[in-house]
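A.B. asks:
Residue numbers (the numbering used here), protein chains in the order written: chain Y, 17 to 205; chain X, 17 to 205.
1) Would you report the Cα separation of residue 206/X and residue 139/Y, rounded to the nearest angstrom?
2) What do you get for residue 80/Y, buried or exposed, if any count of 16 or more other CB atoms within 10 angstroms of its CB means buried?
3) Compute the Euclidean distance between the alpha carbons of residue 169/X and residue 46/X, then round it to the nearest angstrom.
4) Thinking C-beta only, is residue 77/X closer than 9 Å to residue 53/X?
5) In this structure, how does DSSP classify residue 205/X when only helix, strand and coil are distinguished?
6) Is DSSP giving residue 192/Y helix, strand or coil here?
7) Residue 43/X versus chain Y: which residues are under 7 Å apart at the beta carbon?
8) Considering only the beta carbon of each residue, do residue 197/X and residue 198/Y sit closer than 9 Å?
9) Enumerate in chain order the residues of its own chain whose CB-to-CB distance from residue 13/Y is below 7 Å, with the five nearest sequence positions on each side excluded.
10) State whether the segment 148-159 of chain Y contacts the segment 158-172 of chain X, with contact taken as three or more CB pairs (one from each stretch) at a distance under 8 Å.
11) Consider the Cβ of residue 123/X: report whether some Cβ of chain Y lies at a distance smaller than 9 Å.
12) Can you tell me whether residue 123/X sits near the ligand MG, meaning its C-beta is under 8 Å from at least one heavy atom of the ligand?
13) Output the residue ranges of the beta strand (DSSP E) runs that lie fully inside the segment 66-122 of chain Y and measure 3 residues or longer, sorted by chain position.
14) By the DSSP assignment, the alpha helix (DSSP H) with residue 176/X in it spans what residues?
15) Going along the chain, which residues of the segment 111-136 of chain X sit with their C-beta nearer than 8 Å to a C-beta in chain Y?
16) Under 9 Å between C-beta atoms, does residue 100/Y make it to chain X?
17) From which residue to which residue does the alpha helix (DSSP H) around residue 40/X run?
18) Leaving out five residues on either side along the sequence, give the residues of the same chain with a beta carbon under 7 Å from the beta carbon of residue 41/Y.
19) Using the beta-carbon of each residue, which ones in chain Y are nearer than 8 Å to residue 172/X?
20) With a threshold of 7 Å on Cβ separation, who are the neighbours of residue 57/X within its own chain once the five nearest residues in sequence on each side are excluded?
21) What three-state label does DSSP hand residue 17/X in the structure shown?
22) I want to verify the contact list: residues of chain Y whose CB lies under 8 Å from the CB of residue 109/X, in sequence order.
23) How do the segment 170-184 of chain X and the segment 111-130 of chain X stand: do at least 3 beta-carbon pairs fall below 8 Å, yes or no?
24) Hey, quick one: how far does the alpha helix (DSSP H) through residue 146/X stretch, first residue to last?
25) What residue does the alpha helix (DSSP H) around residue 53/Y start on, and which one ends it?
26) Pull up the distance between the alpha-carbon of residue 19/X and that of residue 31/X, whole angstroms please.
27) So is residue 143/X buried or exposed if we call it buried at 16+ other beta carbons inside 10 Å?
28) Name the two residues that bound the continuous alpha helix (DSSP H) containing residue 57/X.
29) For residue 65/Y and residue 205/X, I'd like the C-alpha separation in whole angstroms.
30) Would you mind giving the Cβ-Cβ distance between residue 72/X and residue 134/X, rounded to the nearest angstrom? I have them listed as a contact below 8 Å.
31) Under 9 Å between C-beta atoms, does residue 87/Y make it to chain X?
32) What does a CB cutoff of less than 6 Å around residue 87/Y pick up in its chain, not counting 5 residues either side in sequence?
33) Quick one: is residue 186/Y buried, meaning 16 or more other Cβ sit within 10 Å of its Cβ, or exposed?
34) For residue 131/Y and residue 75/Y, I'd like the C-alpha separation in whole angstroms.
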């Protein structure tokens with residue numbers, strides 16, 4: 017017996033959904049989820065209305081920790097340029113994990129092919145928060161077009177994590193010069 | 017009766033695999049493929065070793081027309097900069113189609129999560145040809161680091177088609193300034 021309290025069936029299902037849908041895609045079956053969580057199908061449907069809702073809840077559960085890890089703290093004292101580069105350094109670090117297969121909040125939207133799916137909505141919100149962070153920093157740093165710069169940085173973020181996720185680019189020496197070129201073109205301090 | 021010869025079962029299966037895997041993802045079932053093609057399961061397995069092979073063959077079949085459409089003709093007389101921008105104009109045009117859900121050669125790799133899957137290999141080859149086109153034009157145009165520029169352009173291409181595919185950015189006013197900033201930073205003529 018460990019000192020740690022056992023995770024509840026709900027927590028185990030959320031964890032299984034997050035892990036298996038990331039590793040194998042959104043097609044992962046109810047059976048596999050229940051087995052990994054050690055929970056009956058009946059319990060799953062008592063806790064969640066559907067697999068769709070379970071998937072959405074699993075993304076929602078992980079989002080605050082992900083965003084806190086990705087973004088610099090509000091009072092880190094860095095310049096807007098440094099704070100933007102911090103995000104890309106974090107993203108690059110994430111791609112080094114052996115299990116990395118791309119940003120889960122992008123991948124799930126690509127796989128679901130439905131903007132109205134509850135999990136797509138959650139994922140879109142997480143990415144939207146990142147876009148808003150970029151926009152605020154761009155404005156703070158005197159970018160000539162903060163909206164444009166934010167959209168450009170999202171392109172780089174999603175393109176880079178997708179390409180690293182499928183193993184076609186290891187990002188070595190790529191991100192910093194690319195982001196810097198776009199920050200320079202926008203006249204960022 | 018039309019004058020046109022009827023498509024063979026093989027062609028109908030390739031077409032169904034291309035269309036349904038794009039619309040619904042690689043999880044599309046054998047049953048659905050056979051039904052759409054009007055072909056029995058038995059015939060499918062006489063023509064293709066597996067669903068994986070059918071999917072790979074369907075991507076391979078569409079690749080030459082896609083690449084010919086995407087790239088400028090070798091003798092179009094454009095500058096390397098114009099020839100690179102041509103590719104991005106084509107990509108933007110593609111995103112306007114109501115059925116657009118991202119570049120299929122990126123999406124299939126993200127969905128399959130297996131670089132050794134026969135369809136991933138085909139898709140990687142198609143993207144590799146684009147990366148080589150960018151690299152050759154970058155060299156021709158005097159880029160200070162043609163390899164880096166090619167990788168940067170692939171980031172933009174994949175990031176942009178992914179984000180347009182999931183409907184979070186319509187790319188208006190985004191691609192041309194982004195690509196131009198990177199071409200300028202690399203000193204491209």
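By construction, the Cβ of each residue, glycine as well, lies at the ideal position given by its N, Cα and C atoms.
C.D. replies: Result, derived from the coordinates:
1) Nothing can be reported for residue 206/X: it is not among the residues displayed for chain X, which extend from 17 to 205.
2) exposed
3) 37 Å
4) no
5) Of the three classes helix, strand and coil, the one that applies to residue 205/X here is coil, per DSSP.
6) helix
7) 43
8) In this structure, residue 198/Y lies closer than 9 Å to residue 197/X by Cβ.
9) Residue 13/Y lies beyond the stretch modelled for chain Y, which goes from 17 to 205, so this question has no answer here.
10) Judged by Cβ distances under 8 Å, the segment 148-159 of chain Y makes no contact with the segment 158-172 of chain X, as fewer than three pairs qualify.
11) yes
12) This structure simply doesn't include the ligand MG, nor any ligand for that matter.
13) none
14) It spans 162-181 - the alpha helix (DSSP H) in which residue 176/X sits, taken as one unbroken run.
15) 117, 118, 122, 123, 125, 126, 127, 129, 131, 136
16) no
17) 25-40
18) 127
19) Ordered by position in chain Y, the residues that pass the 8 Å Cβ test against residue 172/X are 171, 172, 175.
20) 46, 50
21) Confidence at residue 17/X is low in this model, with a pLDDT of 41, below 50, so the placement of that residue should be treated as unreliable; the coordinate-derived value is given next. Residue state, collapsed to three classes: coil.
22) Those within 8 Å of residue 109/X in chain Y number zero; the least Cβ separation is about 18 Å.
23) yes
24) Looking at the DSSP string, the run of the alpha helix (DSSP H) that includes residue 146/X is 134-156.
25) Run containing residue 53/Y: 46-53, per the alpha helix (DSSP H) assignment.
26) Low local confidence applies: a pLDDT of 46 at residue 19/X is under 50, so the model's placement there is unreliable, with the coordinate-based value given in what follows. Taking the straight line from one Cα to the other gives about 20 Å.
27) buried
28) 57-63
29) 58 Å
30) 4 Å
31) Chain X contact via Cβ: absent.
32) 149
33) exposed
34) 15 Å
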